[in-house]
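Notes for the one structure printed next.
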């Protein structure tokens, strides 16, 4: 089975988290999240379930702890305070490592919510002013371009992807690629979800515990400088994304009006 790829709420953060395979940490028992001001996502907690591939996305503590699964919990990626677990129930095995990107962000103790960008909606750049209900939530419809969009997004509070459609040019219709049927925000999440590890053989490719690595990152000047650089990368990406949205709002204003008035639809002018 293909390994699960992180898509947490939803952000560039998740892409960076899933690709970082550090050689740090060693404890087999996950630790609870320490007290921290670190905030990575726009909501303290969330439970989102998608129809496609039985995908489940859950986070708590503003993203310091996260849980993602596919195929009815057969393939799981869990991050708990920087400790990353990849659980494969089909092959009954676990890979454990430090997620150094998350460790760096935690030790900076920064609130990065204003710079949040959903990784699965990075190209949602043009807000149409339209909305629809998905999973009981009203979400705003965004497009990747006009007059010929090929992706349409429904974003809760313009932030979290609840539905994505792609345009089938041959059949001239929109097809649902991803759609939530459960979406709860700032909700109660069972803390046991982030500490329940099956008794499978574990490949541990790290050497420090959570407390050890966070202490090291804080006290080593070079490592702490790197932590601040990583946090600034998220800030810069968020600022660039918002600038792209502002630019499109100015450049595509007239084209969007025509599109919404059905004078233009996927490149075709209507009489």
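Residue numbers (my numbering): 19 to 289. Quick reminder that beta carbons are idealized off the backbone N, C-alpha and C, glycines included. Since this is a predicted model, take the numbers as computed values, not measurements.
Take residue 68, set aside five residues on each side of it, and the residues of its chain with a beta-carbon closer than 8 Å to its own are 74, 75, 196, 197, 198 and 199, in chain order.
Assignment of residue 91 by DSSP, reduced to helix, strand and coil, places it in the coil class. Only residues of its own chain outside the window of five on either side were considered, and among them 48, 94, 95, 96, 97, 112, 113, 114 and 215 have a CB closer than 8 Å to the CB of residue 103, listed in chain order. From the listed residues 122, 154 and 260, the smallest Cα separation to residue 247 is found for 122.
Approximately 7 Å separates the beta-carbon atoms of residue 131 and residue 59; this is inside 8 Å, confirming the contact.
In the three-state DSSP reduction, residue 126 falls in the helix class (H, G or I).
Taken in chain order, the whole beta strand (DSSP E) runs of length 3 or more contained in the stretch 196–264 are 220–222. Nearest C-alpha to residue 144 among 133, 134 and 161: 161.
With fewer than 16 other Cβ atoms inside 10 Å of its own Cβ, residue 205 counts as exposed. Counting other Cβ atoms within 10 Å of its Cβ, residue 154 stays below 16 and is therefore classed as exposed. Taking a contact as a CB-CB distance under 8 Å, the pair residue 213 and residue 101 does not count as one, their CB atoms being some 10 Å apart.
Residue 219 counts as exposed, since fewer than 16 other beta carbons sit within 10 angstroms of its beta carbon.
In the DSSP assignment, residue 156 forms a beta bridge with 151. With a cutoff of 7 Å on beta-carbon distance, residue 89 and residue 106 are scored as not near each other.
One thing to note: residue 56 has its Cβ no nearer than 7 Å to the Cβ of residue 119.
Residue environment analysis places residue 86 among the buried positions, since at least 16 neighbouring C-beta atoms fall within 10 angstroms of its C-beta.
Contact between residue 64 and residue 182 fails: their C-beta atoms lie close to 17 Å from each other, not under 8 Å. No residue range can be given for residue 143, since it is assigned to no alpha helix (DSSP H) and is classified by DSSP as neither H nor E. Annotation: residue 172 to residue 117 spans about 30 Å, alpha carbon to alpha carbon.
Between the alpha carbons of residue 150 and residue 240 lies a gap of roughly 48 Å.
Between residue 168 and the set 137, 178, 187 and 259, the nearest pair of CA atoms involves 187.
Within the same chain, and ignoring the five residues on either side of residue 253 in sequence, the residues whose Cβ sits closer than 6 Å to its Cβ are 133.
Judged by DSSP secondary structure, residue 104 falls within the beta strand (DSSP E) whose first and last residues are 101–106. At a Cβ-Cβ threshold of 7 Å, residue 179 and residue 141 do not count as neighbours. The three-state secondary structure of residue 280, taken from DSSP, is coil. A direct Cα-Cα distance of roughly 18 Å separates residue 262 from residue 175. Under the three-state reduction of DSSP, residue 137 is assigned to helix.
When beta bridges are read from the DSSP output, residue 80 appears opposite no residue.
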